[in-house]
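Have a look at the structure below before the remarks.
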Amino acid sequence: LKCTEKYICCLSFQSKSDIISTVEFNHTGELLATGDKGGRVVIFQREQESKNQVHRRGEYNVYSTFQSHEPEFDYLKSLEIEEKINKIRWLPQQNAAYFLLSTNDKTVKLWKVSERDKRPEGYNLKDEEGRLRDPATITTLRVPVLRPMDLMVEATPRRVFANAHTYHINSISVNSDYETYMSADDLRINLWNFEITNQSFNIVDIKPANMEELTEVITAAEFHPHHCNTFVYSSSKGTIRLCDMRASALCDRHTKFFEEPEDPSNRSFFSEIISSISDVKFSHSGRYIMTRDYLTVKVWDLNMENRPIETYQVHDYLRSKLCSLYENDCIFDKFECVWNGSDSVIMTGSYNNFFRMFDRNTKRDVTLEASRENSKPRAILKPRKVCVGGKRRKDEISVDSLDFSKKILHTAWHPSENIIAVAATNNLYIFQDKVN
Amino acid sequence: MLSKGLKRKREEEEEKEPLAVDAWWLDPGHASVAQAPPAVASSSLFDLSVLKLHHSLQQSEPDLRHLVLVVNTLRRIQASMAPAAALPPVPSPPAAPSVADNLLASSDAALSASMASLLEDLSHIEGLSQAPQPLADEGPPGRGIGGAAPSLGALDLLGPATGCLLDDGLEGLFEDIDTSMYDNELWASEGLKPGPEDGPGKEEAPELDEAELDYLMDVLVGTQALERPPGPGR
Numbered sequence: 001l002k003c004t005e006k007y008i009c010c011l012s013f014q015s016k017s018d019i020i021s022t023v024e025f026n027h028t029g030e031l032l033a034t035g036d037k038g039g040r041v042v043i044f045q046r047e048q049e050s051k052n053q054v055h056r057r058g059e060y061n062v063y064s065t066f067q068s069h070e071p072e073f074d075y076l077k078s079l080e081i082e083e084k085i086n087k088i089r090w091l092p093q094q095n096a097a098y099f100l101l102s103t104n105d106k107t108v109k110l111w112k113v114s115e116r117d118k119r120p121e122g123y124n125l126k127d128e129e130g131r132l133r134d135p136a137t138i139t140t141l142r143v144p145v146l147r148p149m150d151l152m153v154e155a156t157p158r159r160v161f162a163n164a165h166t167y168h169i170n171s172i173s174v175n176s177d178y179e180t181y182m183s184a185d186d187l188r189i190n191l192w193n194f195e196i197t198n199q200s201f202n203i204v205d206i207k208p209a210n211m212e213e214l215t216e217v218i219t220a221a222e223f224h225p226h227h228c229n230t231f232v233y234s235s236s237k238g239t240i241r242l243c244d245m246r247a248s249a250l251c252d253r254h255t256k257f258f259e260e261p262e263d264p265s266n267r268s269f270f271s272e273i274i275s276s277i278s279d280v281k282f283s284h285s286g287r288y289i290m291t292r293d294y295l296t297v298k299v300w301d302l303n304m305e306n307r308p309i310e311t312y313q314v315h316d317y318l319r320s321k322l323c324s325l326y327e328n329d330c331i332f333d334k335f336e337c338v339w340n341g342s343d344s345v346i347m348t349g350s351y352n353n354f355f356r357m358f359d360r361n362t363k364r365d366v367t368l369e370a371s372r373e374n375s376k377p378r379a380i381l382k383p384r385k386v387c388v389g390g391k392r393r394k395d396e397i398s399v400d401s402l403d404f405s406k407k408i409l410h411t412a413w414h415p416s417e418n419i420i421a422v423a424a425t426n427n428l429y430i431f432q433d434k435v436n
Numbered sequence: 001m002l003s004k005g006l007k008r009k010r011e012e013e014e015e016k017e018p019l020a021v022d023a024w025w026l027d028p029g030h031a032s033v034a035q036a037p038p039a040v041a042s043s044s045l046f047d048l049s050v051l052k053l054h055h056s057l058q059q060s061e062p063d064l065r066h067l068v069l070v071v072n073t074l075r076r077i078q079a080s081m082a083p084a085a086a087l088p089p090v091p092s093p094p095a096a097p098s099v100a101d102n103l104l105a106s107s108d109a110a111l112s113a114s115m116a117s118l119l120e121d122l123s124h125i126e127g128l129s130q131a132p133q134p135l136a137d138e139g140p141p142g143r144g145i146g147g148a149a150p151s152l153g154a155l156d157l158l159g160p161a162t163g164c165l166l167d168d169g170l171e172g173l174f175e176d177i178d179t180s181m182y183d184n185e186l187w188a189s190e191g192l193k194p195g196p197e198d199g200p201g202k203e204e205a206p207e208l209d210e211a212e213l214d215y216l217m218d219v220l221v222g223t224q225a226l227e228r229p230p231g232p233g234r
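Top line first, the protein sequences correspond to chains A and B.
Reminder that position 148 of the first sequence reads as 148 in full-length UniProt numbering, one-by-one numbering, no gaps.
Reminder that position 59 of the second sequence reads as 59 in full-length UniProt numbering, one-by-one numbering, no gaps.
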């Protein structure tokens with residue numbers, strides 16, 4: 001893919017009320033899950049391409065909606081636990097059912113999503129309302145028969161992994177062994193077995209003995225896509241640690257430590273805040289990691305710890321506005337970043353409903369906008385440009401006109417095709433590249 | 001959304017810190033200037049950070065990342081302000097350090113459990129002389145913790161070997177921040193454990209109720225009495 005390919009909108013979905021807080025394709029790209037602030041999960045399914053409509057590639061329709069998490073009250077601390085879904089991660093499909101993990105601040109749940117298109121009928125032990133009939137009236141025994149019914153998709157919670165996190169969960173990651181997964185909060189990372197809910201194994205703990213000494217928190221964590229013993233976690237100080245679980249049971253000591261030295265010409269009081277990593281993602285190949293901090297996206301080679309191999313400026317025009325962004329707390333916004341299927345293009349969000357794509361090979365980049373006005377069905381997305389100073393061209397938007405309440409924090413890329421999902425507040429957009 | 005109209009005075013040239021504290025969004029002509037490393041932070045940036053910290057701590061469960069980043073930034077600002085000339089009076093962080101400890105600690109389940117039972121007891125008793133209930137039994141801290149127990153790993157905080165957050169109490173997070181400029185006899189004279197010197201209370205920290213502050217202070221004092229065997233005080 002060249003990121004200068006044109007994108008068209010093929011779905012625009014508005015959640016009833018809530019801000020979308022996570023977006024994730026499954027491993028085949030057939031399903032797309034979104035989680036929202038109200039604890040709901042909505043799953044979209046790509047319809048099968050029909051022979052009749054060759055030009056219409058499969059479009060996404062709502063497949064299932066369920067309430068994953070409810071608000072809880074922690075009586076011990078007198079605290080309300082938000083139902084907001086922080087992350088969703090799919091398990092690879094192993095049978096007809098689909099499985100995903102969804103988490104709020106404290107509890108991870110494993111959901112099974114399965115289809116039912118048959119119903120047993122013909123019970124003669126029960127009447128129509130399901131009440132048992134008087135045995136005296138039953139003279140024969142009939143085996144119920146399965147009859148087709150309208151397709152029903154049901155979601156059932158199969159496991160609840162609770163009470164293992166004192167702090168807020170920011171990441172979950174399924175291991176390549178498909179038997180374990182990890183959950184990370186501000187100070188600790190726990191390893192779980194899918195089958196066991198009453199125990200988890202703590203593998204990283206950065207909590208200091210005295211909380212007064214706390215200067216750094218964990219911001220994101222992910223397992224290596226192929227090596228089930230390897231994972232990375234990022235910190236609020238802009239560092240990434242790669243850990244090998246074979247080295248020791250407790251991975252407080254890292255195997256590799258990735259940090260870029262600070263650029264003295266760019267030093268400010270906000271240097272640390274803008275260096276805080278908000279997302280870390282392994283490339284599909286497993287050779288690289290990508291990190292997102294406030295102003296940039298960086299690509300790191302696992303074999304080089306002292307600096308990233310590539311740095312992309314997402315919205316450098318904000319560098320001179322950091323004080324204002326600190327005042328309105330925007331500087332603390334946590335943007336995610338994603339790879340495309342071939343690891344050749346990376347994507348991340350920005351403000352004003354803008355999102356950016358960077359082509360690693362051609363070094364070209366593009367800014368696109370996800371908004372209702374620009375996303376009529378099949379409309380082609382027009383590249384956008386932010387004007388930094390001086391004369392503003394007709395189609396450009398000036399920095400001072402950007403809407404900082406419209407932030408694209410969550411995006412997802414189909415595992416093999418050029419289909420992207422972009423969450424803009426409570427709207428979900430799916431764009432795909434234009435097929436000629 | 002950009003916050004509205006906290007319009008500040010334009011800094012004097014000598015004190016000017018290049019961080020554009022003035023409301024750039026109200027002034028479309030304001031050029032985006034590359035920042036030179038600031039020599040001295042303006043006091044308004046300090047105030048802003050203190051306010052942020054205050055606000056963060058007032059959440060029932062503070063966002064730890066936000067808190068840590070604000071505190072670290074505050075430290076940087078204070079470090080650069082140290083040699084500065086007289087600064088205008090600032091809304092002090094008087095309650096902030098103590099509340100910081102209290103609320104940071106309260107994100108630990110076991111500590112919160114003891115606090116909760118403490119608060120419950122305090123609501124039934126008059127005066128502070130009566131000792132509150134003993135802390136809930138603590139299991140051993142460690143790895144491979146059973147998922148059911150809420151007291152994960154928080155227990156080392158209360159262990160005798162390591163300094164208890166409440167033992168160190170009110171120095172807390174701000175041990176290295178010099179808050180002596182906020183000294184106020186009002187607090188010292190109350191006979192409460194001297195923590196980070198507390199500044200004037202209610203008028204300048206309107207977000208924290210005086211009554212609420214008193215209550216929290218009492219609880220901390222009460223808990224400290226619990227932690228220590230009777231004997232010479234600190």
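Glycine is no exception: its CB is placed at the ideal position from the N, C-alpha and C atoms.
These numbers come from a predicted model, not from an experiment.
- Look at His254(A): its C-beta is not under 9 Å from any C-beta on chain B.
- In the DSSP assignment, Glu369(A) falls within the beta strand (DSSP E) that extends over 365-369.
- Residue contact with chain B for Val217(A): present (Cβ-Cβ distance below 9 Å to some residue of chain B).
- The three-state reading of DSSP puts Ile172(A) in strand, counting E and B together.
- Of all residues in the segment 184-195 of chain A, those with a C-beta nearer than 8 Å to a C-beta of chain B are Asp186, Leu187, Arg188, reading in chain order.
- Taking CB atoms only, Val50(B) has no neighbour in chain A less than 9 Å away.
- Around the beta carbon of Arg287(A), fewer than 16 other beta carbons sit within 10 angstroms, so the residue counts as exposed.
- For secondary structure counted as the beta strand (DSSP E) over 3 or more consecutive residues, the segment 172-219 of chain A holds these complete runs in sequence order: 180-184, 188-193, 201-205.
- By the Cβ rule, the segment 171-184 of chain A counts as touching the segment 85-102 of chain A, because three or more pairs are nearer than 8 Å.
- When beta bridges are read from the DSSP output, Arg116(A) appears opposite Met152(A).
- Out of Met149(A), Glu179(A), Ser342(A), the CA that lies nearest to the CA of Cys228(A) is found in Glu179(A).
- If the five residues before and after Asp74(A) are omitted, its C-beta is found closer than 7 Å to the C-beta atoms of Ile81, all from its own chain and listed in chain order.
- Residues of chain B with a Cβ closer than 7 Å to the Cβ of Leu295(A) do not exist, since the nearest Cβ in that chain sits about 13 Å away.
- For the 9 Å CB-CB criterion, Cys330(A) and Tyr351(A) form a contact.
- For a Cβ distance threshold of 9 Å, nothing in chain B lies close to Tyr233(A): the least Cβ distance comes to about 13 Å.
- According to the DSSP assignment, Arg131(A) belongs to no beta strand (DSSP E), since it is labelled neither H nor E.
- Residue contact check for Glu212(B) against chain A: no CB pair falls below 9 Å.
- Asn427(A) has Gln14(A), Ala424(A) as its beta-bridge partners, per DSSP.
- Nearest in C-alpha terms to Ile277(A), of all of Met290(A), Val153(A), Ser236(A), is Ser236(A).
- Counting along the chain, the unbroken alpha helix (DSSP H) around Arg75(B) starts and ends at 64-81.
- Annotation: Glu195(A) to Trp90(A) spans about 16 Å, alpha carbon to alpha carbon.
- In the DSSP secondary-structure assignment, Gln67(A) is bridged to Arg40(A).
- Residue burial annotation: Ile419(A) is buried, with at least 16 other C-beta atoms found within 10 angstroms of its C-beta.
- Straight across, the Cα-Cα distance linking Asn340(A) with Pro415(A) is about 7 Å.
- Here Gly58(A) has Arg46, Glu47, Glu49 as same chain residues with Cβ atoms under 6 Å from its own Cβ, once five neighbours each way along the sequence are excluded.
- Using a Cβ-Cβ cut-off of 9 Å, Ser236(A) counts as an interface residue toward chain B, since at least one Cβ of chain B sits closer than that to its own.
- Annotation for Tyr317(A): no alpha helix (DSSP H) segment contains it, and DSSP assigns it neither H nor E.
- Counting only residues of its own chain and dropping the five nearest sequence neighbours on each side, Asp36(A) has a CB closer than 7 Å to the CB of Ser15, Asp18, Ile19, Ile20, Ser21, Ile85.
- Scanning Pro144(A), Glu128(A), Asn124(A), Val145(A) for the CA closest to the CA of Pro135(A) turns up Asn124(A).
- Residues of chain A with a Cβ closer than 9 Å to the Cβ of Ser60(B) are, in chain order, Lys77, Ser78, Leu79, Glu80.
- Counting only the Cα atoms, Asp433(A) lies some 26 Å from Lys394(A).
- When secondary structure is reduced to three states using DSSP, Ser324(A) falls in the helix class.
- Beta-bridge annotation (DSSP): Thr296(A) is paired with Gln313(A).
- A direct Cα-to-Cα measurement between Ile240(A) and Asn361(A) gives close to 24 Å.
- In this structure, the straight-line span from the alpha carbon of Asn198(A) to that of Phe161(A) is close to 7 Å.
- Between the segment 111-124 of chain A and the segment 146-159 of chain A there are three or more C-beta pairs closer than 8 Å, enough to call the two in contact.
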